[in-house]
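Novice: The structure under discussion is supplied below as structure tokens; questions concerning it will follow.
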Amino acid sequence: MNFWETITGSDLTREYRAFEARAEALPAEYRAAWAEIKIQLSPYSEFTGRNLMPILDNTLGFLEVTAAEGQSVHEALGDDIRAFCAAIAGAEGAGSQKTYRDRWREQLNKNVARKLDRLGE
């Protein structure tokens, strides 16, 4: 990946098209689940969506393996796709990077705790 691809996002576009080509080979119920997974993961995306690419790749790989094994979508993902997406994108996944809001919140909490400690002395 070179600088120009990073700036323009063409590397992401190419990777995303490859995901879609892989998804087209899945059975119909898996394709529907893939579409729902993309929708449910989008709130966990940063501005560029670059943080979701490894999660999408692994999830699509999981869908490919479970489809090849003959499992149904409900056996693989459970009944709640939203909860599945929240689990895979949780603290270990897309949400692990601290945002400015998280840093500001931590700083504010530290400042308030320090002021309260001074008042208690």
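Take the sequence shown: its position 97, counted from the start at 1, is 686 in the numbering used here, and no numbers get skipped.
Each residue gets a CB set at the ideal place from its N, CA and C atoms; glycine is no exception.
#1: Quick check on the burial criterion: 16 or more other C-beta atoms within 10 angstroms. Buried or exposed for Thr626?
#2: Would you mind reading off the limits of the alpha helix (DSSP H) that contains Thr648?
#3: Classify Leu615 as buried or exposed, calling it buried when 16 or more other Cβ atoms lie within 10 Å of its own Cβ.
#4: Thinking Cys674 and Leu630 are a contact (beta carbons under 8 Å), I'd like their distance in whole angstroms, please.
#5: Under DSSP, the alpha helix (DSSP H) around Tyr605 begins and ends at which residues?
#6: Of the residues Glu618, Pro632, Arg611, which one's Cα is nearest the Cα of Ser661?
#7: Give me the Cβ distance between Arg620 and Ala612, rounded to the nearest whole Å; I'm assuming they're in contact under 8 Å.
#8: Can Leu649 and Phe592 be called in contact, C-beta distance under 8 Å?
#9: Let's see if you can read the secondary structure: which residues bound the alpha helix (DSSP H) around Ala678?
Specialist: Result, derived from the coordinates:
#1: As a first step, residue 626 must be located in the sequence shown, where it is residue number 37. First, the residue type needs correcting, since residue 626 is Ile and not Thr in the sequence shown. Flag for Ile626 reads buried.
#2: The residue you call residue 648 lines up with position 59 of the sequence shown. Its alpha helix (DSSP H) spans residues 642 to 657.
#3: To locate residue 615, count along the sequence shown from 1; it is residue 26. Leu615 is buried by the Cβ-count criterion.
#4: As a working note, residue 674 is residue 85 in the sequence shown. As a working note, residue 630 is residue 41 in the sequence shown. Confirmed, Cβ separation roughly 5 Å.
#5: The residue given as residue 605 occupies position 16 in the sequence shown. 599 to 613 is the extent of the alpha helix (DSSP H) around Tyr605.
#6: Working through the sequence shown from its first residue, we reach residue 661 at position 72. Closest by alpha carbon: Glu618.
#7: Here the question's residue 620 lines up with position 31 in the sequence shown. Here the question's residue 612 lines up with position 23 in the sequence shown. Correct: roughly 6 Å between the Cβ atoms.
#8: Indexing the sequence shown from 1 puts residue 649 at position 60. Indexing the sequence shown from 1 puts residue 592 at position 3. For the 8 Å CB-CB criterion, Leu649 and Phe592 do not form a contact.
#9: As a working note, residue 678 is residue 89 in the sequence shown. That residue, Ala678, is in no alpha helix (DSSP H); it is neither H nor E in DSSP.
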